[in-house]
Amino acid sequence: MNRFDFKGVSTEDLAQSKLIEAAFEGFTRHGYVILDNVVPPETIRALHVEFFQNYKDQIRDQEAADSLEVGARRFMIPLRFSGGLGAPGIFANPYVLALVRTILDKAAIIDAFGAILSLSGAEDQHIHHDGPILFSSEISRLLPAYALTFGLPLIEMNELSGTTAIWPGSHRRGKHEDQEPLRPVIPVGSCMLWDYRTFHSGTPNRSDQVRPMVYATYARRWYQDPVNFRKETLQRLVFEPDFLTDLPDDLRPLFAHARSAG
1 MNRFDFKGVS TEDLAQSKLI EAAFEGFTRH GYVILDNVVP PETIRALHVE
51 FFQNYKDQIR DQEAADSLEV GARRFMIPLR FSGGLGAPGI FANPYVLALV
101 RTILDKAAII DAFGAILSLS GAEDQHIHHD GPILFSSEIS RLLPAYALTF
151 GLPLIEMNEL SGTTAIWPGS HRRGKHEDQE PLRPVIPVGS CMLWDYRTFH
201 SGTPNRSDQV RPMVYATYAR RWYQDPVNFR KETLQRLVFE PDFLTDLPDD
251 LRPLFAHARS AG
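Positions 1 to 262 (full-length UniProt numbering) are the ones given, in order, by the sequence shown.
What follows is the structure, given as structure tokens:
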């Protein structure tokens, strides 16, 4: 399994880290990577409490103006860049961001930020990739990644609560029927990233609780997800005006497209 443990790894000089280089090479080859111990488990447990305090009204088994049904009993909702859920340690986690900027480039942006909710009783999700292939051309599968999804579960993803099944290498092959997927266990504090072209699917939630997963779409500056935000009432990024003003200089490139859009 394409997995790397960052427990105890210093955040200094991550751009030159051999571990980041290895994760980049694995992501490029397999179309996904799992990063363990990038957020303290106690932080995730606090975020889990915060999520249910602030977003409990959006946990419902029907699509609303501010949500998108992405499978039976599965919904995508936006998250605000506020509180712990909207803290830099989440949307700009140093380990994740170092890898994202290696995979994409230093000017990579956050195209969308939210959560995927798998309700109790959610069944197997349809197998899909997150965006269409560029230019509808097979040569696009040979190109470097142009967008990727970051998923940070707020409860452990496992056989009971469900996980994200992934088809390694499918971002290059353009098919998934010839192999069995991986169904990794992702403990709290760990995350998973996958290429926008990689086939994946949420597995059933057999537990009695909601499985929230914080997600972010990172992309090259010129790319915007053309599929998941066709509904005008569903927001990609939600923040107050002073959020952009107060951003540290090293994080400003993540929102360069939003700043220029006014």
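Even glycine gets a Cβ: it sits at the ideal position worked out from N, Cα and C.
Assign residue 272 to one of three DSSP states: helix, strand, or coil. For residue 272 there is no data in the structure shown, the boundaries of the chain being 1 and 262.
Beta-carbon spacing of Leu160, Ser207 below 8 Å: Contact flag set, yes.
Neighbour-count burial assignment, His126, 16 or more Cβ in a 10 Å radius: It counts as exposed.
Distance, Cα to Cα, Arg45 vs Pro187? When rounded, the distance between both Cα atoms is 11 Å.
Does the Cβ-Cβ distance between Gly169 and Arg141 come in under 8 Å? In this structure, the beta-carbon distance from Gly169 to Arg141 does not fall below 8 Å.
Report the residue from Asn54, Leu143 and Asp250 whose alpha carbon sits nearest the alpha carbon of Pro212. That would be Asn54, whose Cα lies nearest to the Cα of Pro212.
Mark Gly262 as exposed unless 16 or more other C-beta atoms lie within 10 angstroms of its C-beta, in which case mark it buried. Because the pLDDT at Gly262 is just 44, under 50, the model does not fix this residue reliably, and the point stays unresolved.
Compare the beta carbon distance of Leu119 and Val210 with 8 Å and say whether it is the shorter of the two. Yes; because the gap between Cβ atoms is below 8 Å, this pair is in contact.
Any chance you could list the alpha helix (DSSP H) runs of at least 4 consecutive residues sitting entirely within the stretch 143-228, in chain order? If only uninterrupted alpha helix (DSSP H) runs of at least 4 residues are considered, those enclosed by the stretch 143-228 are 170-173.
Measuring CA to CA, which of Arg236, Ala98 and Tyr146 is closest to Arg197? Of the candidates Arg236, Ala98 and Tyr146, the one whose C-alpha sits nearest the C-alpha of Arg197 is Tyr146.
Applying the criterion that 16 or more other CB atoms from any shown protein chain within 10 Å of the CB defines a buried residue, is Met192 buried or exposed? Met192 is buried by the Cβ-count criterion.
By a C-beta neighbour count over all protein chains shown, 10 Å radius and 16 as the cutoff for buried, is Pro144 buried or exposed? For Pro144, the number of other beta carbons within 10 angstroms of its own is below 16, and it is reported as exposed.
Give the DSSP-derived three-state secondary structure of Arg252 in the structure shown. Collapsing the DSSP output to three states places Arg252 in a helix.
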